[in-house]
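Asker:
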Amino acid sequence: MTIIFWLIASSMTLLILVLLLWPLLKRTVAVTGEQEKTLSIFRQQFAELGQDRANGVLTDELYEQARRELERRLLEETGTTDTAPKVARRQMNSRPVAFALAVIVPTVSGLIYWQIGNPLAMTQPTAASLSAQGGPEGAHSSGDALEGLVERLKQKMAQNPNDGVGWGLLARSYVGLGRYAEAASIYEKAVILIPDDAQLLADYADTLGVVHGRKLEGKPEVLIQQALKIDPLNVKALMLAGTVAFNRKNFARAAKDWEQARANLPADVDPEMTQQLTAAIEEARSQLGGGQSMMSALTEPAAPAQPVGQPRVIKGTVAMAPSLAGKGSPTDTLFVFARAMNGPPMPVSIVRATRKDLPFTFRLDDSTSPMPSRKLSSAGPVVIVARLSKSGQAMPQSGDLEGTSQPVQSGGEGIAVVIDHERMDKESAAPAPLASQTGQPRAIRGTVTVAPSLAGKASATDTLFVFAREMSGPPMPVAIVRATKKDLPFTFQLDDSTSPMPSRKLSSAGPVVIVARLSKSGQAMPQSGDLEGTSQPVQSGGEGITVVIDRERP
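Taking this note's numbering as reference, the numbering of the sequence shown is continuous, increasing by one, and the terminal residue is 555.
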């Protein structure tokens with residue numbers, strides 16, 4: 002782990018140094034003729050956009066979108082958004098500055114990491130990361146290795162007992178091993194050393210609740226309230242506070258806490274978390290709005306077959322149907338979860354793996370329940386769903402591969418789930434305005450020629466524009482390519498990669514016509530004397546489209 006860390010750190014440091022030193026070490030006395038030519042073309046295009054807006058061809062919104070896209074392309078090609086002619090500047094001797102940066106950046110980075118980082122984590126990975134490295138066959142050996150690492154970390158903490166961060170890391174490692182009682186006692190040491198860490202207090206409360214039989218009343222609740230006093234927007238503390246209120250049938254308070262937790266979720270949070278909170282909020286609201294009897298009616302016939310309070314375990318295997326064996330990649334995320342047949346869609350138990358683990362043997366019980374208030378043991382009949390997700394998110398998406406079991410009344414073994422169908426959302430399954438399905442690539446290929454009557458007109462350096470324009474919509478092209486007259490006859494391909502604006506792509510446009518224009522000025526704006534030709538309407542992607550330049554603009 003140490004070697005890998007230093008390799009990654011060294012590579013990142015070298016990359017930063019290259020980015021910083023390259024502009025200082027290279028010598029660019031003046032803008033080259035090729036760059037000035039590129040800037041000249043972009044100046045013309047900016048002028049064309051302004052003329053289009055002035056003539057009413059483009060609305061202000063379309064003008065701003067097109068200008069932003071043109072500025073993006075200018076930045077990619079020239080490294081600047083300034084189209085003004087460049088004047089050569091005398092270059093200063095920047096080698097001393099480069100040498101100073103080469104020494105200062107690695108030195109300061111190392112000192113900062115040593116001061117505020119966690120060097121201990123280089124050699125002591127968390128329990129969760131280690132447990133994810135092996136499947137069922139290697140679980141025993143991985144567990145032994147993890148136990149050894151945790152013991153080494155424990156010995157280091159004995160030598161440095163005032164390191165609150167280290168105690169927190171050790172406690173989380175014990176949680177990963179499922180040793181909650183030991184984790185709780187270590188959390189106690191950590192919060193004494195770091196009493197104002199809201200996240201640490203919330204983690205401690207959660208672990209103590211597990212030790213107390215998944216009950217948060219008493220000391221766990223005190224810890225939750227302490228965490229909220231320090232950080233009223235701490236998501237985990239809010240979720241736990243909502244669970245306490247829900248268990249006391251204070252549904253208004255539970256809904257309020259969970260709504261606040263949902264509002265403060267990080268932007269990059271797994272959608273599964275949002276879905277779980279939303280389902281919990283709806284459940285609390287249903288109890289609030291006189292839904293107590295309704296919920297009782299729903300849950301009464303769905304009572305578990307085993308006595309209440311007894312553990313419920315569901316074991317089985319997930320396999321892939323032969324018809325889908327070629328789909329997906331080994332790194333696709335596999336979600337296996339139990340969902341109550343009568344109730345909100347939030348899972349009552351869930352585990353994760355990857356496609357390479359198939360056939361996958363799973364076990365679902367209360368320890369894999371995502372929320373303390375909704376356990377597998379207290380749910381009624383469930384179905385087991387297996388989903389392969391390319392995005393790695395539990396939120397179902399079009400293209401995910403799925404399979405569902407028969408209803409499971411209580412705990413059981415030998416449950417077989419076969420992933421046998423591809424998920425198709427309504428939006429993607431609905432007919433699209435194009436002949437091809439929405440989201441599928443649309444390419445139009447063809448040839449541009451000049452009519453014999455115009456063969457003597459124009460010069461070899463005249464610019465050839467070939468573009469697709471939507472028949473019903475603004476005149477701005479949805480795809481465009483350029484060439485010159487000397488390239489005629491010219492074979493073209495139009496697709497999304499040639500769309501000038503991300504918001505208006507060829508694949509999402511309706512029927513189009515293909516226009517070919519020879520311009521003496523080199524500007525896409527049509528002018529008197531330009532030579533043009535237009536194709537027949539093209540409904541979707543196609544090949545063999547012929548465009549004949551057969552007229553001169555008056």
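Each residue gets a CB set at the ideal place from its N, CA and C atoms; glycine is no exception.
So, helix, strand or coil for serine 520, using DSSP?
Answerer: Of the three classes helix, strand and coil, the one that applies to serine 520 here is strand, per DSSP.
Asker: Buried or exposed, going by whether 16 or more other CB atoms sit within 10 Å of the CB of arginine 73?
Answerer: So arginine 73 counts as exposed.
Asker: Nearest to glycine 523 by CA position, among Ala184, Phe493 and Thr485, is which residue?
Answerer: Checking every option, the nearest Cα to that of glycine 523 belongs to Thr485.
Asker: I'd like to know whether the C-beta atoms of lysine 328 and leucine 266 end up nearer to each other than 8 Å.
Answerer: Cβ atoms of lysine 328 and leucine 266: not closer than 8 Å.
Asker: Quick check on the DSSP output: the beta strand (DSSP E) that includes serine 379 runs from which residue to which?
Answerer: From DSSP, serine 379 is part of no beta strand (DSSP E); its letter is neither H nor E.
Asker: Pull up the distance between the alpha-carbon of serine 406 and that of valine 337, whole angstroms please.
Answerer: Their backbone Cα atoms lie some 11 Å apart in a straight line.
Asker: Counting along the chain, where does the beta strand (DSSP E) carrying serine 186 start and finish?
Answerer: Careful: serine 186 lies outside any beta strand (DSSP E), inside the alpha helix (DSSP H) at 181 to 194.
Asker: If you drop the 5 nearest sequence neighbours on each side, which residues of the same chain put their C-beta closer than 8 Å to that of glutamate 189?
Answerer: Taken in chain order, the residues that qualify are Tyr205.
Asker: When the Cα atoms are used, what is the spatial distance from alanine 387 to alanine 264?
Answerer: Their Cα atoms are separated by approximately 29 Å.
Asker: Should valine 223 go down as buried or exposed, given a rule of 16 or more other Cβ atoms within 10 Å for buried?
Answerer: Exposed, because fewer than 16 other Cβ atoms sit within 10 Å of the Cβ of valine 223.
Asker: Could you check what DSSP says for methionine 321 in three-state terms: helix, strand or coil?
Answerer: Strand.
Asker: Name the one or two DSSP bridge partners that lysine 157 has.
Answerer: Answer by DSSP bridge pairing: none, since lysine 157 is not bridged.
Asker: Compute the Euclidean distance between the alpha carbons of phenylalanine 47 and glycine 530, then round it to the nearest angstrom.
Answerer: Going by the C-alpha atoms only, they are around 22 Å apart.
Asker: Taking the beta strand (DSSP E) that glutamate 218 falls in, what are its first and last residues?
Answerer: Counting along the chain, glutamate 218 falls outside any beta strand (DSSP E), and DSSP gives it neither H nor E.
Asker: So, with DSSP's three-state summary, where would you put glutamine 494?
Answerer: It is a strand residue.
Asker: When the Cα of glutamate 260 is compared with those of Gly111, Gly243 and Asn248, which residue comes out closest?
Answerer: For glutamate 260, the nearest C-alpha among the options comes from Gly243.
Asker: Roughly how many angstroms lie between the CA atoms of glycine 457 and leucine 15, to the nearest whole one?
Answerer: Distance between the alpha carbons of glycine 457 and leucine 15: 58 Å.
Asker: Touch check for the stretch 224 to 233 and the stretch 246 to 256: three-plus C-beta pairs under 8 Å?
Answerer: Taking 8 Å as the limit for Cβ pairs, the verdict is that the stretch 246 to 256 does not touch the stretch 224 to 233.
Asker: Can you tell me whether glutamate 284 is buried or exposed, with buried defined as 16 or more other CB within 10 angstroms of its CB?
Answerer: Buried, by the Cβ-count rule.
Asker: Using the three-state DSSP reduction, which class does serine 390 fall into: helix, strand or coil?
Answerer: Serine 390: strand per DSSP, three-state reduction.
Asker: Can you name the residues that DSSP bridges to arginine 353?
Answerer: Paired residue(s): Phe336.
Asker: Taking aspartate 421 as the reference, give the member of Thr547, Pro323 and Arg552 with the closest Cα.
Answerer: For the residues Thr547, Pro323 and Arg552, the minimum Cα distance to aspartate 421 belongs to Pro323.
Asker: Rounded to the nearest angstrom, how far is the Cβ of leucine 335 from that of arginine 313, given a contact under 8 Å?
Answerer: The pair is not a contact, with the Cβ atoms about 22 Å apart (cut-off 8 Å).
Asker: Spatial neighbours of aspartate 496 within its chain, please: CB distance less than 7 Å, with the 5 preceding and 5 following residues excluded, ordered by chain position.
Answerer: Correct list, in chain order: Pro442, Arg443, Ala444, Ala480 and Leu507.
Asker: Please classify glycine 167 as buried or exposed, where buried requires at least 16 neighbouring CB atoms within 10 angstroms.
Answerer: Glycine 167 should be labelled buried.
Asker: Tell me the residue span of the beta strand (DSSP E) that contains glycine 167.
Answerer: Note, glycine 167: premise wrong, no beta strand (DSSP E); alpha helix (DSSP H) at 165 to 178.
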